[in-house]
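All remarks here apply to the structure that follows.
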Amino acid sequence: MQMSDEKRVILGTSGLTKVFGLGRNKTRAVDNVTIDLYESEIVSIVGESGSGKTTLAKMLLGLLKPTEGEIYFQGQLRDIRSRKKKKEYWKNIQAIFQDPFSAYNTFQKIDAVLLDCLRMRGDGKLPQAQKIELMTEACSFVNLKFAELTNKYPFELSGGQMQRLMIARIFLLNPKILVADEPTSMIDACSRATILDELMKLRDEAGMTVIFITHDIGLAYYVSDTVYIMEQGKVVERGTADACILNPQEAYTQRLINDVPKIHEEWDLSTV
Amino acid sequence: MADTILDVSELTTKYITRHEENIYAVDHVSLKVEDGKTLGIAGESGCGKSTLALSLMGYYFPPLHYSSGEIIIDGRNISGMDPDDVRKTVLGNEIAYIPQSAMNALNPTQKVISIVEDVIKAHEPSTSKKQIYALAKETFKRLGLPEEVLQKYSTELSGGMKQRTVIAISVILSPIVLIADEPSSALDVTSQKMVIKMLRQLMDHGYIKALIFITHELPLLYNVTDDIMVMYAGQIVEKGSAKELVFDPLHPYSKGLMGSIIVPESGLRDVKLTAIPGVPPNLKDPPSGCRFAERCKYVRPTCKVTAVELSDAGHGRAYRCIIPEAELREIYANE
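Protein sequences appear in the order of chains H and F. The numbering of the first sequence is my numbering, which starts it at 49 and goes up by one. The numbering of the second sequence is my numbering, which starts it at 357 and goes up by one.
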């Protein structure tokens with residue numbers, strides 16, 4: 049909320065809490081989380097399954113209503129109570145999810161997906177040639193060739209290509225914030241580096257804030273500026289990627305690091 | 357020298373599409389696994405890793421068909437056997453298989469113990485329920501799974517627990533070879549580690565004699581296996597020990613794969629990860645020359661014309677490239 053030296057806070061939360069269930073089954077999926085996300089940085093949220101990463105992301109996106117706590121967008125209390133305001137908010141925040149295969153309409157060709165984005169931007173009435181130019185630019189941003197894709201259906205692409213096309217969509221929509229929820233977990237290791245590099249490109253070239261959610265601390269280390277570690281709904285450790293991952297203070301963070309297979313160091317299997 | 361448990365020579369299998377086209381997804385693959393060893397198979401999606409796993413079991417169902425080659429398990433040739441015989445005498449007893457979606461392999465309407473009963477009765481119909489329970493209890497205990505799991509339905513178990521239950525059931529008849537196809541790719545890192553630990557225990561406790569481990573996660577492969585084989589478009593492009601392949605790859609494709617390894621170790625942020633551009637060729641009409649030529653950084657004019665054979669580099673190492681070993685090393689050193 050306050051101005052820092054260089055970068056401004058774009059999205060912040062204070063005491064954000066989400067409780068699921070009633071009575072004895074009550075679970076605090078997200079528990080009193082206060083975070084500040086700055087402009088044009090990649091923030092990783094790391095934790096094991098069930099630690100509340102996705103619930104937090106859904107609240108930031110406005111898909112879930114927080115039980116308690118506030119969300120601030122560009123210094124103001126976020127207001128998405130009316131449908132109109134929600135739509136306005138979603139111009140600023142977009143998401144890509146784990147499963148690129150289920151993110152497309154099987155019956156639509158690929159150019160329809162991108163044309164949809166242009167319509168959402170308000171460029172629906174541009175002349176055809178200009179539309180194609182914009183779509184080609186978006187595809188080349190993610191190293192895809194628009195001319196090769198234009199007549200294809202989503203199932204004709206590989207998982208990695210589909211996920212990159214999702215990023216091309218984001219490039220066209222150009223939101224201020226992108227929530228990337230496990231974008232690489234269904235992609236094979238060889239295409240993973242490409243996706244991560246494209247997220248970094250969104251930060252560097254479009255000045256986007258990327259919220260990167262993952263359980264793999266190695267990916268978080270490679271891609272992010274700031275890291276938040278979550279355990280059972282609480283943020284247990286935060287810091288720059290170097291500080292958090294090379295010199296962890298919490299036992300939980302240390303455990304997450306130990307659980308990832310290494311190649312230069314011994315991988316200790318006796319800890320589980 | 358240790359006994360060879362699994363000896364596969366020149367195995368070729370094909371998919372026959374409904375337009376009567378042949379797709380050779382496993383193309384002249386030869387491999388050997390010795391007693392107590394683990395072989396890893398690496399490669400990107402669609403390179404034929406999973407088809408190879410299915411083919412190794414000798415159990416073919418359409419559209420997958422056997423074409424040529426031999427599979428010898430513990431001295432017995434199972435290639436070309438009748439599928440029914442394979443199902444009764446080979447699967448479960450000699451080769452066990454953990455599929456990629458093992459999490460969905462448990463019937464949600466049955467308790468775990470009843471699934472175990474079905475598995476054992478399919479092979480040894482005379483076993484009594486009491487004997488089965490005792491065997492299941494002992495296996496689960498030795499593999500570090502609580503006994504209560506036997507009385508539960510699969511929906512009551514977590515993902516990691518389901519996966520470990522499937523592994524325990526698959527080895528209950530003490531198969532000779534276990535094929536694990538991406539056993540941990542749907543799990544988070546902690547459950548993944550437990551699954552890996554369990555696979556190691558199988559070998560240590562003598563439940564299996566050899567393990568074939570398939571994944572695209574190279575750091576995992578490096579930590580689990582003795583030898584690694586890299587596949588590309590249905591062919592083996594390089595094989596060697598795990599250490600050699602990770603730290604000193606020869607084939608340009610393996611070199612590219614190793615450039616995409618992400619581990620939380622200092623120094624990672626300073627290197628630029630490399631990705632291999634392009635997509636693998638369509639196997640309906642494979643290129644006549646080297647299959648990797650289209651995507652290769654070091655491609656030469658002859659690459660696209662002449663087919664390349666696997667050339668031996670000594671000490672069980674082999675790679676499929678026309679550029680000689682010394683020259684490849686020189687190219688990599690100058691990068």
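Positions of the beta carbon are idealized from the N, C-alpha and C atoms, including for glycine.
Cutoff 8 Å: residue i Cβ touching any chain H Cβ
i                      : result
residue 556 of chain F : yes
residue 688 of chain F : no
residue 550 of chain F : yes
residue 579 of chain F : yes
residue 546 of chain F : yes
residue 553 of chain F : yes
Residue i versus residue j - alpha carbon distance
i                      : j                      : result
residue 229 of chain H : residue 143 of chain H : 7 Å
residue 673 of chain F : residue 606 of chain F : 10 Å
residue 232 of chain H : residue 67 of chain H  : 28 Å
residue 205 of chain H : residue 450 of chain F : 38 Å
residue 184 of chain H : residue 314 of chain H : 46 Å
residue 162 of chain H : residue 680 of chain F : 46 Å
residue 320 of chain H : residue 425 of chain F : 42 Å
residue 361 of chain F : residue 388 of chain F : 8 Å
residue 518 of chain F : residue 508 of chain F : 11 Å
residue 418 of chain F : residue 410 of chain F : 12 Å
residue 577 of chain F : residue 439 of chain F : 31 Å
residue 287 of chain H : residue 225 of chain H : 20 Å
residue 370 of chain F : residue 455 of chain F : 20 Å
residue 59 of chain H  : residue 104 of chain H : 13 Å
residue 394 of chain F : residue 597 of chain F : 10 Å
residue 300 of chain H : residue 575 of chain F : 22 Å
residue 359 of chain F : residue 583 of chain F : 16 Å
residue 677 of chain F : residue 646 of chain F : 8 Å
residue 445 of chain F : residue 691 of chain F : 53 Å
residue 608 of chain F : residue 684 of chain F : 8 Å
residue 376 of chain F : residue 94 of chain H  : 48 Å
residue 294 of chain H : residue 615 of chain F : 21 Å
residue 459 of chain F : residue 211 of chain H : 24 Å
Closest residue to residue i among the options (Cα-Cα distance)
i                      : options                       : result
residue 86 of chain H  : H/107, H/97, H/102 and H/120  : H/120
residue 270 of chain H : F/388, F/570, F/629 and F/636 : F/629
residue 208 of chain H : F/418, F/633 and F/362        : F/633
residue 429 of chain F : F/532, F/437, F/439 and F/478 : F/532
residue 215 of chain H : H/82, H/297, H/63 and H/251   : H/251
residue 237 of chain H : H/104, H/267 and H/71         : H/267
residue 261 of chain H : H/192, H/101, H/132 and H/154 : H/101
residue 589 of chain F : F/368, F/418 and F/358        : F/368
residue 469 of chain F : F/417, F/482, F/486 and F/460 : F/486
residue 550 of chain F : F/524, F/612, F/566 and F/657 : F/524
residue 257 of chain H : H/223, H/239 and H/181        : H/223
residue 463 of chain F : F/498, F/671, F/422 and F/512 : F/512
residue 292 of chain H : H/274, H/309 and H/160        : H/274
residue 668 of chain F : F/684, F/640, F/617 and F/594 : F/594
residue 61 of chain H  : H/114, H/178 and H/128        : H/114
residue 527 of chain F : F/432, F/484, F/496 and F/642 : F/496
residue 552 of chain F : F/689, F/579, F/406 and F/529 : F/579
residue 686 of chain F : F/641, F/376 and F/604        : F/604
residue 461 of chain F : F/363, F/510, F/482 and F/405 : F/510
residue 471 of chain F : F/522, F/421 and F/500        : F/522
residue 296 of chain H : F/611, F/364, F/413 and F/621 : F/621
Short CB-CB distance (under 8 Å) between residue i and chain F
i                      : result
residue 267 of chain H : yes
residue 26 of chain H  : Nothing can be reported for residue 26 of chain H: it is not among the residues displayed for chain H, which extend from 49 to 320.
residue 206 of chain H : yes
residue 231 of chain H : no
residue 315 of chain H : yes
residue 52 of chain H  : Here the model assigns residue 52 of chain H a pLDDT of 47, short of 50, so the residue's position is not dependable and the matter cannot be decided.
residue 49 of chain H  : In this prediction, residue 49 of chain H has a pLDDT of 43, which is less than 50 and means its spatial position is unreliable; what the coordinates show is noted afterwards. Residue 49 of chain H does not count as touching chain F.
residue 101 of chain H : no
residue 276 of chain H : no
residue 270 of chain H : yes
Check whether the region 534–541 of chain F touches the region 479–493 of chain F, counting contact only when three or more Cβ pairs, one atom from each stretch, lie closer than 8 Å. At 8 Å Cβ cutoff, the stretches do not touch.
For the region 67–80 of chain H against the region 244–254 of chain H, do three or more pairs of beta-carbon atoms, one drawn from each stretch, fall closer than 8 Å, so that the two count as touching? They do not touch, by the three-pair rule.
At a cut of 8 Å, does the region 642–650 of chain F reach the region 614–628 of chain F through at least three beta carbon pairs? No, they do not touch.
What runs of the beta strand (DSSP E), each 3 residues or longer, lie entirely inside the region 211–287 of chain H? 225–229, 257–262 and 274–279, all fully within the region 211–287 of chain H.
Contiguous alpha helix (DSSP H) assignments of at least 4 residues, all confined to the region 477–547 of chain F: 485–498 and 515–526, all fully within the region 477–547 of chain F.
Check whether the region 431–447 of chain F touches the region 378–397 of chain F, taking contact to mean three or more Cβ pairs, one atom from each stretch, closer than 8 Å. Under the 8 Å Cβ criterion, the region 431–447 of chain F does not count as touching the region 378–397 of chain F, having fewer than three qualifying pairs.
Hey, which unbroken runs of the alpha helix (DSSP H) at 4 residues or more fall wholly within the region 172–211 of chain H? 176–189 and 194–197, all fully within the region 172–211 of chain H.
Closer than 8 Å is the cut-off here; do at least three beta carbon pairs connect the region 393–402 of chain F with the region 554–573 of chain F? Taking 8 Å as the limit for Cβ pairs, the verdict is that the region 554–573 of chain F does touch the region 393–402 of chain F.
Count Cβ pairs between the region 129–142 of chain H and the region 90–110 of chain H that sit closer than 8 Å; are there 3 or more? Counting C-beta pairs closer than 8 Å gives three or more between the region 129–142 of chain H and the region 90–110 of chain H, which meets the contact rule.
Could I get the ranges of all uninterrupted beta strand (DSSP E) runs contained in the region 74–162 of chain H, with 3 residues as the minimum, in chain order? With a minimum length of 3 residues, the continuous beta strand (DSSP E) runs that stay inside the region 74–162 of chain H are 75–81, 84–86, 90–94, 116–121 and 141–144.
3 or more residues per run - each beta strand (DSSP E) lying fully within the region 362–440 of chain F: Segments of the beta strand (DSSP E) lying fully in the region 362–440 of chain F: 378–390, 394–398 and 420–429.
My parser needs the beta strand (DSSP E) runs of 3 or more residues fully inside the region 549–610 of chain F; what are they? Counting only runs of at least 3 residues, the region 549–610 of chain F fully encloses the following beta strand (DSSP E) elements, listed from N- to C-terminal order: 566–570, 583–588 and 591–597.
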